[in-house]
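Read the structure below first, then the notes.
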Amino acid sequence: MIISLDKLDRKETDKIDLNFSQKIDTISYCENTYKIASPLNLIGKISRTNKGYYLDANVSFEIIDSCARCLDEVKVPIEYAMEGFLVKEDFDEDEFEDYDAFIIDGDEVNLLDIIGQTLIFNLPAQSLCKEDCKGLCQDCGANINRETCPCSQIANDEDDIDPRFAKLKDLFKND
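So the sequence shown is numbered by full-length UniProt numbering: it starts at 1 and just counts up by one.
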């Protein structure tokens, strides 16, 4: 998804419309690689303003992540807006203090790089395969959603008491 900014540079047009739907396997950013499960859709525009080039686009796709409780693979829908100025590396930070600034090289912009930069801020805090996911057994690691954990049948509160706290159980005995 490389876009040439030549027409904006030569002032042939005031904006470049963006409308992409492309199948991409992965997106990488800061040594993290995210698997993409659906086509990446991007709709928006790059406009020429008095401060430079302004990107205003909406992105949507699905990534494959691990459930935070049971570690099964889960498809997570991602949808967010990207807004900010496209700037050269030697830009004045004070001028763009209130805006996002995406650094570009030359007269081309790679939208996948910008999506990679913005993805980390738009990922959910945790991904779940289902709301009532029971997770893994803390002792044997069995997926409690699929099987009955043998640890739960064996567990006895008396056996699990730390010997340093054994005297405390006497406080709760009824005379």
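Note that beta-carbon positions come from the ideal geometry of N, C-alpha and C, so glycine has one too.
Computed from a predicted structure; not experimentally measured.
Spatially closest choice to residue i from the options, by CA coordinates
i           : options                       : result
PHE102      : GLY84, GLU108, ASP9           : GLY84
ILE115      : ALA57, PRO77, LYS7            : ALA57
residue 176 : VAL109, ASN32, GLY135, PHE172 : Lying before the first or after the last residue shown, residue 176 is absent from the chain, which here runs from 1 to 175.
GLN117      : THR26, CYS30, LYS11, ASP14    : CYS30
ILE63       : ASN145, LEU55, GLN126, ALA37  : ALA37
GLU93       : LEU71, PHE172, MET82, LYS51   : LYS51
With 16 other Cβ atoms within 10 Å as the buried cut-off, status of residue i
i      : result
GLY44  : buried
TYR99  : exposed
PHE61  : buried
ILE78  : buried
ILE46  : buried
LEU171 : exposed
LEU168 : exposed
Interface flag, residue i vs chain D, CB-CB below 9 Å
i      : result
ARG164 : Here chain D cannot be found, since the structure has a single protein chain.
As assigned by DSSP and simplified to three states, the class of residue i
i      : result
ASN174 : coil
GLY116 : helix
PHE91  : coil
ASN58  : strand
ASP17  : strand
PHE165 : helix
LYS51  : coil
Contact set for residue i: own chain, Cβ-Cβ below 7 Å, skip 5 residues either direction
i      : result
LEU111 : MET1, ILE3, LEU42
CYS70  : CYS129, CYS133, GLY135, LEU136, ASN143, ASN145
8 Å Cβ shell around residue i - same chain, five flanking residues per side excluded
i      : result
ASP9   : ASP107
PRO150 : CYS140, ALA142
LYS7   : THR13, ILE16
ASN122 : ILE78, TYR80
Beta-carbon proximity list for residue i, same chain, < 6 Å, skipping 5 on both sides
i    : result
LEU5 : ASP107
Quiz prompt | Inside the stretch 97-151 only - beta strand (DSSP E) runs reaching at least 3 residues | solution = 101-103, 108-110
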